Amino acid sequence: MSGNTDKQTSLQCYHCGDSCQADTIAFDDKHFCCAGCKSVYEILSANQLCNYYSLTEHPGISQSGDQVPAYYDFLDKKEVQDSLIHFREGTHCHAEFVLPHMHCSSCIWLLENLHRMHEGVISARVRFLEKTIQVVFDAEKISLKAVVILLKKIGYEPQLNAESLGPKTEKKLFRSEIYKIGIAGFCFGNIMMLSLPDYFSDGNFFNEKYLNHVFNYLSLALSLPVLIYSAREFFVSSIQNLKQRQINIDVPITLAIVVAFVTSVYLIVFESRMGYLDSMSGIVFFMLLGRFFQNRSYKYLTFKRNIASYLPIAVNKWVDGKEESIPVTDLEIGDDIRVRQQEIVATDSILLSEQAWFDYSFVTGESHWVEKHRNELIYAGAIQKSGLTEMRISKKPNQSYVTQLWNSQQQDKFKNNTLFTTEWISFWFSVAVLLIGTAACIFWMFRGEYQIGLTALMTVWIIACPCALLLCSTFTYGNMLTILSANGCFVKNAAVMERMRNIDTMVFDKTGTLTSTSESSVDFIGRTVKGYEWEALGALANLSIHPLSCAVSQFIGRVSKTEIIDFVYHEGQGIAGTCGNLRIRLGSQQWMGLKRNITQEHASVFAEINGEVLGYFEIRNQYRSGILDMLSEVKKQHDIYLLSGDADAERKNLMPVFGESHLFFNQLPEQKTNQIEAWQSSRKTVMMLGDGLNDANAFSKSDVGVAVIENQHHFLPPCDVILEAKGLKNLPALMKYVRQGRTTLLLAFTFSVMYNLVGLYFAVQGMLTPVVAAILMPISTVSIVGISFFMSRYFAKQQNLQI
Amino acid sequence: MSAMILLIAFSLTVAVSFLIAFIVSTRKGQYDDMHTPSIRILFDDEQPQNPS
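Protein sequence lines correspond, in order, to chains H and R.
Residue numbers for the first sequence follow our numbering, beginning at 1 and rising by one.
Residue numbers for the second sequence follow our numbering, beginning at 1 and rising by one.
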């Protein structure tokens, strides 16, 4: 293994698989990209856990980049512990953590072997889809804080925020769904079995009448749990909708269930015939199954998040010269807090320290570092990028700017959008069915055949219930959601998919959406630099782990053996060092003694050798690979626009793709929203692709809001679709695929309408026997499920999507 | 035909016992996670390399 990796060209980190830059760290015949990765390897090898590396190739998480120095002192607080530890048994504690970095089977293996790394850990159990781990530990041997630090040390930093401390209700809900399906399935199967004799004999299978009664009443008894327990959500939801004078998908289902049940009771009691209880419980069973299938896919992604999940749960309050870790909710205006590097500012505060750098990408999506001075206001959500900084609270956490921004766009965006396509079809279908049934009834009544008329009325309603139609959409969308999520596109629900189909205008945000936040391109602007000067600059930049120095050192590339002495790191300003007879400084413009250039839009690092400023490195975010091809592909089908908060430096690069009039720069969040409204009022259906909270209002205004994210635990505003950055270049294919969903749906619809017509043919004549009903129902269900399954996969293959 | 009654009673008993087993297993959390066990089963048991 190590023989191959010796080639300088493709040196990969043994731990995380990142390509190693110039400064590889060799250890144990293996190469590591950074000290972080190496130390994880060391811990694992010391505990004989290297099996981790044989399960999947390069399973680790890169430890370079943002190294958050963690301060977990608040975990020693009793109230914090109580909310994280959900069960205690003597000294044994059960705690659950969310580990966003979990991503492969190696992770599961390593995490479940946590007990081998510390004797205090008794066991650990992973839930992969939810990305959680349940740790049982002995509080006498290891503290909660130590468990968290252990997890962090092996590369899985638990996500601790206000939301993770809240009550957990989801599990119970999830289980009740399983109970409902199980009970409906059980009753359905047994009623089917009891109905079997009836199917073939028209109610006269048994010579003894009482056997007939036994069978009928048994099925009636079995159908009660379905009606009362399993089908309850349909009743609740349709009553709620009717109260608001709306018709949703559940109303026709409820109608069908009620009609089927009442008819059957009538038939059983007065005519001792079997009725349609099997169809009724079948409907409920299949609908529940379809919904479960549709909702199952991604539990760990939540589309509607609470702002609390992004802000820290505890802060370090500065009281009487001592630091004290207190929960955010206990903060009062006027409290002094200390914020360390990489920590998130919990609420709007005034800076007390002389100067500090902040990263607002969390709030704005634009990755600029902003310099702030004493007495300036810092908004909640900013990431502190300098050393230890002191601040004074100016607003309570629940009144901060970010919280207000967040709350302002929580209004329900589809209030006036009552019926979408499927519901629209099923609504008119239901109306038609009601009319046909009534017409058939009146027809028979006129001929004096009251009995047949009544049967016709009821059987028409049951057999032609729009459930089959609804099943089409439930299963088709379920399949499509699964396939889309396999391609890094997570759609909130089926209604969003219906809206995605009608999109004709796409609006892109630039930074973080079209450009990548992790890759950057660097240019040097200034006088010609001699070879030995380059080497000295590279060697100096190499010494710092600051993202800007990393970018510079990557840009210079050459690793020199040049030694730097007198290395000094000036917090928030730059670095300096001496190399031979060269005195070098790399850092901000201001630090170089130049006038601060406010309009500068890209991050820049100035270089100075022996007092002479050579020029500066301009560090720009780079366009994601394939993005321009993607845009021109999308353009064939949609109008595309750019709404960017940045200055228009990129105008000339983007003009060929977007066209002059389609570029909008320097847009404030409100302007973005207004622009989208303007397009919508000219009858355009707008999809907005963005990434930060500054796009949140635009998301809620647009018809479909797509959050483009680099990794799944990244900050994201409430949205309709979450699109992984690496799936962005597939956007044209994804959109085509969503539109093809209509074909699948139509085909499945056609089939179910055909079955319904056959059923109706018998029903209006009043000769629909339970046999026909019992045959038609499962056949139509099975074929619809089959069609939606195979068609979704066929179209996915056509678009070269992963299945 | 009274054999029918017996058979039905028997089959229902069997079916109900399965339903109860299902409910009990759900309550114990066997269905809480339907994905991880499928991965977990593939891990090999290792021999302890270091008998410490």
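Glycine included, C-beta positions come from ideal geometry on N, C-alpha and C.
Model, not experiment: these values are computed from the prediction.
Given a cut-off of 8 angstroms on the beta-carbon distance, is the pair residue i and residue j in contact?
i      : j      : result
H/L776 : H/V753 : no
H/I149 : H/Y72  : yes
H/G538 : H/I556 : yes
H/D703 : H/I503 : yes
H/S516 : H/N621 : yes
H/G741 : H/M506 : no
H/G690 : H/N487 : no
H/G615 : H/G526 : yes
H/G574 : H/R585 : yes
H/V121 : H/L129 : no
H/I619 : H/V605 : yes
H/R374 : H/L388 : no
H/A314 : H/V135 : no
H/I787 : H/Y755 : no
H/A725 : H/I709 : yes
H/S279 : H/T254 : no
H/V721 : H/F427 : no
Residue i: buried (16+ other C-beta within 10 angstroms of its C-beta) or exposed?
i      : result
H/I784 : buried
H/F285 : buried
R/M34  : exposed
H/G645 : buried
H/N479 : buried
H/E805 : There is simply no residue 805 of chain H to check, as chain H begins at 1 and stops at 803 in what is shown.
H/A678 : exposed
H/V236 : exposed
H/W357 : buried
H/K141 : exposed
H/T91  : exposed
H/Q675 : buried
H/M767 : exposed
H/S682 : exposed
H/F188 : buried
Taking Cβ positions only, does residue i come closer than 8 angstroms to chain H?
i     : result
R/I41 : no
R/K28 : no
R/L7  : no
R/F10 : no
R/T13 : no
R/I23 : yes
Is the Cβ of residue i closer than 8 angstroms to any Cβ of chain R?
i      : result
H/V214 : yes
H/R127 : yes
H/G60  : no
H/T599 : The predicted position of H/T599 is uncertain, since its pLDDT is 48 and thus under 50; a value taken from the coordinates is nonetheless stated next. Chain R, which has no Cβ nearer than 8 angstroms to the Cβ of H/T599, makes this no.
H/R683 : no
H/I178 : yes
H/L211 : yes
H/N479 : no
H/G531 : no
H/S195 : no
H/S105 : yes
H/R175 : yes
H/G437 : no
H/G766 : no
H/F186 : yes
H/G182 : yes
H/I108 : yes
H/N190 : yes
H/F285 : no
Compute the beta-carbon to beta-carbon distance between residue i and residue j, rounded to the nearest angstrom, for a pair I have assumed lies under 8 angstroms.
i      : j      : result
H/Y52  : H/L11  : Incorrect: roughly 20 angstroms between the Cβ atoms, too far for contact.
H/F658 : H/L643 : With a Cβ gap of about 11 angstroms, H/F658 and H/L643 do not count as contacting.
H/P158 : H/V98  : 6 angstroms
H/S272 : H/H213 : 6 angstroms
H/I337 : H/K317 : 6 angstroms
H/A380 : H/D359 : In fact, because the Cβ distance is near 13 angstroms, the residues do not count as touching under 8 angstroms.
Item to complete: Enumerate, from N- to C-terminal direction, the unbroken alpha helix (DSSP H) stretches of 4 or more residues contained entirely within the segment 677-757 of chain H.
Response: Complete alpha helix (DSSP H) runs here, min 4: 696-701.
Discussion item. Ignoring anything shorter than 4 residues, give me the alpha helix (DSSP H) runs that lie fully in the segment 615-642 of chain H, in order along the chain.
Written reply: The qualifying runs are 627-635.
Worksheet entry | Whole runs of the alpha helix (DSSP H) within the segment 206-294 of chain H, excluding any shorter than 4 residues | If you keep only unbroken alpha helix (DSSP H) runs of at least 4 residues inside the segment 206-294 of chain H, you get 209-225, 232-243 and 250-271.
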